[in-house]
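Just so you know, the sequences run in chain order A and B. So the first sequence is numbered by my numbering: it starts at 2 and just counts up by one. So the second sequence is numbered by my numbering: it starts at 2 and just counts up by one. Note that CB positions come from ideal geometry on N, CA and C, so glycine has one too. Here's the structure, in structure tokens; my notes come after.
Number of protein chains: 2
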Amino acid sequence: MTRPTSEPEGELEEIPEAECLEILDQHNLGRIAVVVDGQPQIFPINYAMSGRIISFRTGPGTKLSHAPDSKVGFEIDEYDSSAGSGWSVMVHGVAVDATESFDDVSWAARAATPWPLAPGAKPFRIAIEPSKISGRRFRRRG
Amino acid sequence: MTRPTSEPEGELEEIPEAECLEILDQHNLGRIAVVVDGQPQIFPINYAMSGRIISFRTGPGTKLSHAPDSKVGFEIDEYDSSAGSGWSVMVHGVAVDATESFDDVSWAARAATPWPLAPGAKPFRIAIEPSKISGRRFRRRG
């Protein structure tokens with residue numbers, strides 16, 4: 002493995018929000034961060050988009066107990082170490098238990114069809130309503 | 002694309018801590034969650050291990066301003082959607098600005114050699130001292 006002898010050079014650019022939404026649409030595996038007693042915890046989730054709303058299914062547990070009505074973070078990324086390129090999209094938002102509620106966000110979340118890869122019953126539906134969506138990408142120079 | 006018509010079946014098992022540490026050692030791209038004014042944020046980072054200590058380099062910004070002396074989350078994962086298998090390792094801990102400090106955690110963090118893929122100067126070193134390391138993996142049945 003060849004290791005760099007100095008800082009990697011290259012360009013780091015912001016991804017506009019509209020393109021972040023396209024990227025979110027094209028993927029289905031992301032990670033949610035929830036805070037439990039001051040301790041942030043990260044969980045991988047299979048998600049689907051409904052417009053700007055991120056929708057995922059879950060079972061009883063930390064996500065169901067601590068995400069709804071709280072601020073959560075969400076992130077997806079992809080890296081190619083041989084090409085020295087990568088991108089990430091980050092979302093700040095508030096989670097909603099969309100399992101049975103009749104608000105617009107919950108309706109939107111239930112219209113999406115996320116397919117969990119992990120086994121186990123996941124009868125609950127959680128929506129993330131974004132307050133901020135941002136992204137960045139880079140490519141190593143030369 | 003064939004989509005499942007019911008819940009995926011399979012086995013979900015805990016990964017023992019010793020094996021979680023081996024998996025952490027074998028990888029170099031993870032994600033850290035920090036909390037800024039109650040808002041959890043997730044950032045991808047290239048890391049290296051020094052024993053149980055997770056070490057990464059960073060520049061000025063949110064991670065440097067909000068991780069040190071705070072609870073942080075850290076996570077790595079890998080999924081193979083065609084095989085229906087995956088694993089994740091999750092860490093709870095406290096971050097330390099290890100750039101110049103002389104405590105044991107900072108020494109350990111500086112002994113590790115993380116190689117950031119993203120461009121930009123990253124003269125600061127942050128250590129994560131784990132308070133809890135856990136993991137789980139699954140494989141779809143049949």
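Length of the line joining the Cα atoms of Ala84(B) and Ala122(B) | Looking up residue 84(B) in the second sequence gives position 83. Looking up residue 122(B) in the second sequence gives position 121. Taking the straight line from one Cα to the other gives about 39 Å.
Please state if the CB of Met50(B) and the CB of Gln42(A) are separated by a distance shorter than 8 Å.
-> By one-based count along the first sequence, residue 42(A) stands at place 41. By one-based count along the second sequence, residue 50(B) stands at place 49. Cβ atoms of Gln42(A) and Met50(B): not closer than 8 Å.
Of all Cβ atoms in chain A, is any one closer than 8 Å to the Cβ of Leu13(B)?
-> In the second sequence, counting from the first residue as 1, residue 13(B) sits at position 12. Cβ-Cβ to chain A under 8 Å: yes for Leu13(B).
For Glu101(A), which residues in chain B fall below 8 Å Cβ to Cβ?
-> For the purposes of this step, residue 101(A) is identified with residue 100 of the first sequence, where counting begins at 1. Neighbours of Glu101(A) on chain B: none; closest Cβ ~19 Å, over 8 Å.
Between the C-alpha atoms of Ser71(B) and Arg58(A), what's the straight-line distance to the nearest angstrom?
-> Taking the first residue of the second sequence as 1, we reach residue 71(B) at position 70. Taking the first residue of the first sequence as 1, we reach residue 58(A) at position 57. Their Cα atoms are separated by approximately 30 Å.
Helix, strand or coil: how does DSSP classify Ser49(A) here?
-> Looking up residue 49(A) in the first sequence gives position 48. Looking at the sequence provided, one finds Ala at residue 49(A) rather than Ser. Strand, per DSSP.
Can you list the residues of chain A that Gly107(B) reaches, using a CB-CB cut of under 7 Å?
-> What you label residue 107(B) is simply residue 106 of the second sequence in a count that begins at 1. The residue asked about is misnamed: residue 107(B) is Ser in this sequence, not Gly. Result: empty, since nearest Cβ-Cβ is about 21 Å, beyond 7 Å.
With distances taken between CB atoms, is the gap from Ile16(B) to Arg142(B) smaller than 8 Å?
-> Within the second sequence, numbered from 1, the residue matching residue 16(B) stands at position 15. Within the second sequence, numbered from 1, the residue matching residue 142(B) stands at position 141. In this structure, Arg142(B) does not lie closer than 8 Å to Ile16(B) by Cβ.
Give the residues from the stretch 118 to 129 of chain A that approach chain B closer than 8 Å (Cβ to any Cβ), ordered along the chain.
-> Leu118, Ala119, Pro120, Gly121, Ala122 and Lys123
Between the stretch 89 to 104 of chain A and the stretch 126 to 137 of chain A, do three or more beta carbon pairs fall short of 8 Å?
-> yes
Helix, strand or coil: how does DSSP classify Glu76(A) here?
-> For this step, residue 76(A) is matched to residue 75 along the first sequence. Strand, per DSSP.
Below-8 Å beta-carbon distance, His67(A) vs any chain B residue = To locate residue 67(A), count along the first sequence from 1; it is residue 66. No, His67(A) lies away from the interface with chain B (no Cβ there is under 8 Å from its Cβ).
If you drop the 5 nearest sequence neighbours on each side, which residues of the same chain put their C-beta closer than 8 Å to that of Arg53(B)?
-> Taking the second sequence and counting its residues from 1, the one referred to as residue 53(B) is at position 52. The residues are Leu22, Glu130, Pro131 and Ile134.
Please list the residues of the stretch 35 to 47 of chain A that have a C-beta atom closer than 8 Å to any C-beta atom in chain B, keeping them in chain order.
-> Val35, Val36, Gly39, Gln40, Pro41, Gln42, Ile43, Phe44 and Pro45
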